[in-house]
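**Q**
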Amino acid sequence: MRFEGSTDYVATPDLMLAVNASITLQRPLLVKGEPGTGKTMLAETVSAALGLPLLQWHIKSTTKAQQGLYEYDAVSRLRDSQLGGEHGSRVHDISNYIVKGVLWQAFSAETPTVILIDEVDKADIEFPNDLLRELDRMEFYVYETRELIKARHRPIVFITSNNEKELPDAFLRRCFFHYIKFPDKETMQNIIDVHFPGLKKTLIREALEVFFELREIPGLKKKPSTSELLDWLKLLVAEDIPPEALRAKDQKAAIPPLHGALLKNEQDVHLFERLVFMARQNR
Ligand SMILES: Nc1ncnc2c1ncn2[C@@H]1O[C@H](COP(=O)(O)OP(=O)(O)OP(=O)(O)O)[C@@H](O)[C@H]1O
Ligand SMILES: [Mg+2]
Numbered sequence: 040m041r042f043e044g045s046t047d048y049v050a051t052p053d054l055m056l057a058v059n060a061s062i063t064l065q066r067p068l069l070v071k072g073e074p075g076t077g078k079t080m081l082a083e084t085v086s087a088a089l090g091l092p093l094l095q096w097h098i099k100s101t102t103k104a105q106q107g108l109y110e111y112d113a114v115s116r117l118r119d120s121q122l123g124g125e126h127g128s129r130v131h132d133i134s135n136y137i138v139k140g141v142l143w144q145a146f147s148a149e150t151p152t153v154i155l156i157d158e159v160d161k162a163d164i165e166f167p168n169d170l171l172r173e174l175d176r177m178e179f180y181v182y183e184t185r186e187l188i189k190a191r192h193r194p195i196v197f198i199t200s201n202n203e204k205e206l207p208d209a210f211l212r213r214c215f216f217h218y219i220k221f222p223d224k225e226t227m228q229n230i231i232d233v234h235f236p237g238l239k240k241t242l243i244r245e246a247l248e249v250f251f252e253l254r255e256i257p258g259l260k261k262k263p264s265t266s267e268l269l270d271w272l273k274l275l276v277a278e279d280i281p282p283e284a285l286r287a288k289d290q291k292a293a294i295p296p297l298h299g300a301l302l303k304n305e306q307d308v309h310l311f312e313r314l315v316f317m318a319r320q321n322r
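Each residue of the sequence shown is one higher than the last, beginning at 40 in this note's numbering.
(1) I want to see whether chain B comes within less than 8 Å of Lys240, judged by CB atoms only; does it?
(2) Evaluate Thr152 with the Cβ neighbour count: other Cβ atoms within 10 Å of its Cβ, from every protein chain shown; 16 or more gives buried, anything less gives exposed.
(3) Would Leu349 pass as a contact of Leu297 if the rule is Cβ separation under 8 Å?
(4) Take the Cβ of Met177 as the centre, count every other Cβ of all protein chains shown within 10 Å, and call the residue buried at 16 or more, exposed below.
(5) Any heavy atom of ligand 1 closer than 7 Å to the Cβ of Leu301?
(6) Starting from Val249, trace the alpha helix (DSSP H) both ways and give me its first and last residue.
(7) So, for Ile294: in the same chain, excluding its five sequence neighbours on each side, which residues have a beta-carbon less than 6 Å away from its beta-carbon?
(8) Could you say which of Ala50, Ser61, Leu142, Val130 lies nearest to Phe216 if we only look at CA atoms?
(9) Taking the DSSP output, what are the residues bridged to Gln320?
(10) What do you get for Thr84, buried or exposed, if any count of 16 or more other CB atoms within 10 angstroms of its CB means buried?
(11) Let's test the definition: count the other Cβ atoms within 10 Å of the Cβ of Gly123 and tell me whether it reaches 16, buried, or not, exposed.
(12) For Asp223, which beta-bridge partners are listed by DSSP?
Shown next, in the form of structure tokens:
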């Protein structure tokens with residue numbers, strides 16, 4: 040099984056190498072990178088490209104590792120025991136109240152699967168540690184029914200992180216790591232082509248120019264990223280804004296239209312407006 044890229048996702052050679060390395064090593068691929076650089080989409084792309092089902096687990100601050108294995112629904116069981124009758128007969132089989140989590144579903148699937156554990160850094164620090172054994176040995180024990188669940192096929196695991204918390208060393212040791220570098224102009228051009236085939240070349244050129252200049256501004260709190268550029272382009276097209284409007288020739292520095300798609304807080308907008316104002320004064 041090898042990942043060779045896909046038509047609707049631009050994977051750089053080093054990213055493809057990392058995906059294939061993690062498949063070869065049979066270790067989870069830990070993917071980091073700025074928000075909006077395609078971390079989540081990578082798992083979707085690989086599962087589609089390899090023709091394997093994707094099981095997604097989106098992590099929140101309250102998510103516990105156990106929920107990825109299974110949950111025991113004691114409340115339903117209690118209710119059934121009180122209702123009696125048809126419901127009451129279910130009560131004796133405890134497996135009726137075990138709800139399978141993403142890992143269990145993957146372990147018991149007929150074919151190999153792709154698992155996405157998205158934004159692992161959102162959970163508390165114990166979360167990654169609690170999954171070490173399951174990700175390593177691909178098995179876990181169900182205490183309620185006294186079963187050992189073993190993976191029939193080793194799933195391909197993607198784990199994404201936005202770096203909000205450090206991950207424990209023991210966890211890192213078990214992963215292959217890849218940092219998605221922010222796309223250079225050429226890669227970005229390819230990404231735009233994938234999303235907006237046939238877009239006017241001049242518009243793309245001007246938009247990229249403005250976008251990368253904006254990212255260079257020192258002291259920005261939140262640099263715009265790939266997904267924001269795509270949003271902005273979509274708006275430029277929808278509003279039929281001509282390329283010239285992005286950078287009027289006689290007016291070297293202009294505030295780009297619809298910059299709300301790119302700059303996401305008032306400090307950055309102020310900073311940007313001040314720079315534009317200064318640039319105009321210096322002319
Ligand atoms: N390499 C790429 N090829 C094609 N589209 C891309 C690529 N990178 C990013 N995108 C676009 O950017 C959007 C955001 O990507 P995605 O949600 O995967 O980012 P992310 O890294 O998971 O962000 P976050 O950290 O905020 O969750 C995607 O929907 C896709 O349209
Ligand atoms: Mg994501």
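Every residue gets a Cβ at the ideal spot worked out from N, C-alpha and C, and that includes glycine.
**A** The answer reads as follows:
(1) This model lacks chain B altogether, as it is built from one protein chain only.
(2) For the purposes of this step, residue 152 is taken as the residue at position 113 of the sequence shown. The residue is buried, with at least 16 neighbouring Cβ atoms inside 10 Å.
(3) Residue 349 lies beyond the stretch modelled for the chain, which goes from 40 to 322, so this question has no answer here.
(4) Position 138 of the sequence shown, counted from the first residue, corresponds to residue 177. Label assigned to Met177: buried.
(5) One-based indexing of the sequence shown puts residue 301 at position 262. Answer for Leu301: no, Cβ out of range of ligand 1.
(6) Here residue 249 corresponds to residue number 210 of the sequence shown, with the count starting at 1. First-last of the alpha helix (DSSP H) with Val249: 240 to 255.
(7) Taking the sequence shown and counting its residues from 1, one reaches residue 294 at position 255. Cβ neighbours of Ile294 beyond the five flanking positions: Val315.
(8) Position 177 of the sequence shown, counting from 1, holds the residue named residue 216. Ranking the options by Cα distance to Phe216, first place goes to Ser61.
(9) Stepping through the sequence shown from its first residue, residue 320 is reached at position 281. According to DSSP, which records beta bridges pairwise, Gln320 is partnered with nothing at all.
(10) In the sequence shown, counting from the first residue as 1, residue 84 sits at position 45. Thr84 is buried by the Cβ-count criterion.
(11) Reading the sequence shown from its first residue, position 84 is the one you call residue 123. Classification for Gly123: exposed.
(12) For the purposes of this step, residue 223 is taken as the residue at position 184 of the sequence shown. DSSP output for Asp223 lists no bridge partner at all.
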